[in-house]
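Working notes, structure below.
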Amino acid sequence: MNFFLSTTKTKQTWQSAGTAPINQIPRHLRSSITIMAWQRPVLAARTFRLPRCLTQFEAFRYQPFSTTTSSLDDSPNAAPPLDPSGSLRQPTRMLPVSRSYFTGTPKFTDYELKLEYLRAKYMDLPSYGPREAPRVAWLVRGQFLAKVNEDISVSRYARLLKSLKVLNKIKAEVMPAEVSKFIEEFSRPRNLYQWELNPRKPDEHGRSRGIGRRKTAHATAYLVEGDGQIIINGKTISEVFPRIHDRESAMWALKATNRLHKYNVFAVARGGGITGQAEAVTLAVAKSLLVHEPGLKSALRRAGVIRTDPRQVERKKPGKLKSRKMPAWVKR
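Positions 1237 to 1568 (the working numbering) are the ones given, in order, by the sequence shown.
Set out below in structure tokens:
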């Protein structure tokens, strides 16, 4: 090894490269450097050129352990301190206003999230019973779609209304302002249930008037207190409706409420057939009876005489004997 280091060629190459003295190179690198300097002296000098910091690193390596950090430069070039009074840097891209921006229905999703938050926040407040809560005329789905300009399914909007009805059950005495304001966003501008219609009353002669329809027949009935006389189209009920079933159907509202001998009935029936006119008179008599006694509404509803029957005769189709009846099939 000393032979290679003492050769003239190696020393000249090492000195011409401008490297550190050979005795300052670590021992584990001297053998490799010497072999490469003998075979390819120029490449070895370029590869193992040691800067001045290597010598300083070796000196620092053998210093005793210290808890302080030694540095070559006592004044490091640190970053300047932040100025909190300065304007903050603006983001490089636009940020969405709502977290639901990337959903298909951001506005409706915000309503759902706020509704869940309100229900969880005020779930312990006292509330009304199932039939005691104030009635609210909610926005129909078409009106709500025009408001948010988003396509919402029927089932999804129905679930939202169901949760709103739970919030509406909170008692008015403890109803928070944010809950009432949120409910107003889904209610119609004019609440139909807050406006009570003027109750109908008999006229100055004690008469009440009712109108009924069935199929293509319509009837108008006038009810006045009396002894049970029934006049239809200027005739008695037996002359107008020969069948017992039609007579009972026409006066079923009075019979179901035990008012058959308390009122006199004067009715006019037009259009349709006999059965249609009888059922039209039934509805007209029931409505005129409600004017005299509004408390009978539940009893008349159970009797089924205050609801208009919307059924109509189905028309005949071409190729059929009636609306659905087919002609008899003949083999030949």
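Note that beta-carbon positions come from the ideal geometry of N, C-alpha and C, so glycine has one too.
Delimiting residues of the beta strand (DSSP E) encompassing residue i
| i | result |
| --- | --- |
| Ala1455 | Ala1453 to Glu1461 |
| Phe1418 | Where Phe1418 is concerned, there is no enclosing beta strand (DSSP E), although the alpha helix (DSSP H) it sits in stretches over Ala1413 to Glu1420. |
| Tyr1499 | Tyr1499 to Arg1506 |
| Ile1480 | No beta strand (DSSP E) holds Ile1480; the alpha helix (DSSP H) holding it covers Ile1480 to Ala1486. |
| Gly1512 | Where Gly1512 is concerned, there is no enclosing beta strand (DSSP E), although the alpha helix (DSSP H) it sits in stretches over Ile1510 to His1528. |
| Ser1444 | Ser1444 to Arg1450 |
Residue i (DSSP reduced to helix, strand or coil)
| i | result |
| --- | --- |
| Arg1288 | Residue placement at Arg1288 is poorly supported in this model, since its pLDDT is 46, which falls under 50; the coordinates are not used for a value here. |
| Thr1345 | helix |
| Thr1339 | coil |
| Lys1245 | With a pLDDT of only 48 at Lys1245, under 50, the local geometry of the prediction cannot be trusted, and the value read off the model is given with reservation. Helix at Lys1245. |
| Ser1423 | strand |
| Ile1542 | coil |
| Asp1531 | For the record, residue 1531 in the displayed sequence is Gly; it is not Asp. Helix. |
| Ser1334 | coil |
| Arg1371 | coil |
| Lys1350 | helix |
| Ala1253 | Below a pLDDT of 50, predicted positions are generally treated as unreliable, and Ala1253, at 49, falls in that range; the measurement from the model is reported next regardless. Ala1253 falls in the coil class under three-state DSSP. |
Alpha-carbon to alpha-carbon, residue j and residue i
| i | j | result |
| --- | --- | --- |
| Pro1370 | Leu1526 | 25 Å |
| Gly1576 | Phe1418 | Given that the chain is displayed from residue 1237 to residue 1568, the structure contains no residue 1576 and the question cannot be resolved. |
| Pro1478 | Ala1457 | 19 Å |
| Gln1486 | His1441 | Residue identity check: residue 1486 is Ala in the sequence provided, not Gln. The straight-line gap from Cα to Cα measures roughly 24 Å. |
| Arg1395 | Ser1389 | 10 Å |
| Ile1542 | Val1504 | 18 Å |
| Glu1475 | Pro1435 | 35 Å |
| Leu1400 | Val1410 | 17 Å |
| Lys1552 | Arg1449 | 23 Å |
| Gly1555 | Met1562 | 8 Å |
| Phe1490 | His1528 | First, the amino acid is wrong: residue 1490 is Leu here, not Phe. Each residue's Cα considered, the two are about 12 Å apart. |
| Lys1405 | Ser1336 | 28 Å |
| Asp1439 | Ser1524 | 12 Å |
| His1497 | Ala1522 | 15 Å |
| Gly1340 | Val1372 | 29 Å |
Cβ neighbour criterion (16 or more within 10 Å) applied to residue i
| i | result |
| --- | --- |
| Glu1515 | buried |
| Thr1472 | exposed |
| Tyr1499 | buried |
| Ser1334 | exposed |
| Gly1464 | exposed |
| Trp1565 | exposed |
| Leu1354 | buried |
| Thr1385 | Position check: residue 1385 holds Asn in this sequence, whereas Thr was assumed. Asn1385 comes out exposed. |
| Asn1494 | exposed |
| Asp1360 | exposed |
| Ala1382 | exposed |
| Phe1422 | buried |
First and last residue of the uninterrupted alpha helix (DSSP H) at residue i
| i | result |
| --- | --- |
| Gly1378 | Arg1377 to Val1384 |
| Arg1395 | Val1390 to Asn1404 |
| Ser1559 | Where Ser1559 is concerned, there is no enclosing alpha helix (DSSP H), given that its DSSP letter is neither H nor E. |
| Glu1475 | Ile1473 to Val1476 |
Beta carbon proximity, residue i to chain C, threshold 8 Å
| i | result |
| --- | --- |
| Leu1331 | Going by chain labels, chain C is absent from the structure shown, which holds only one protein chain. |
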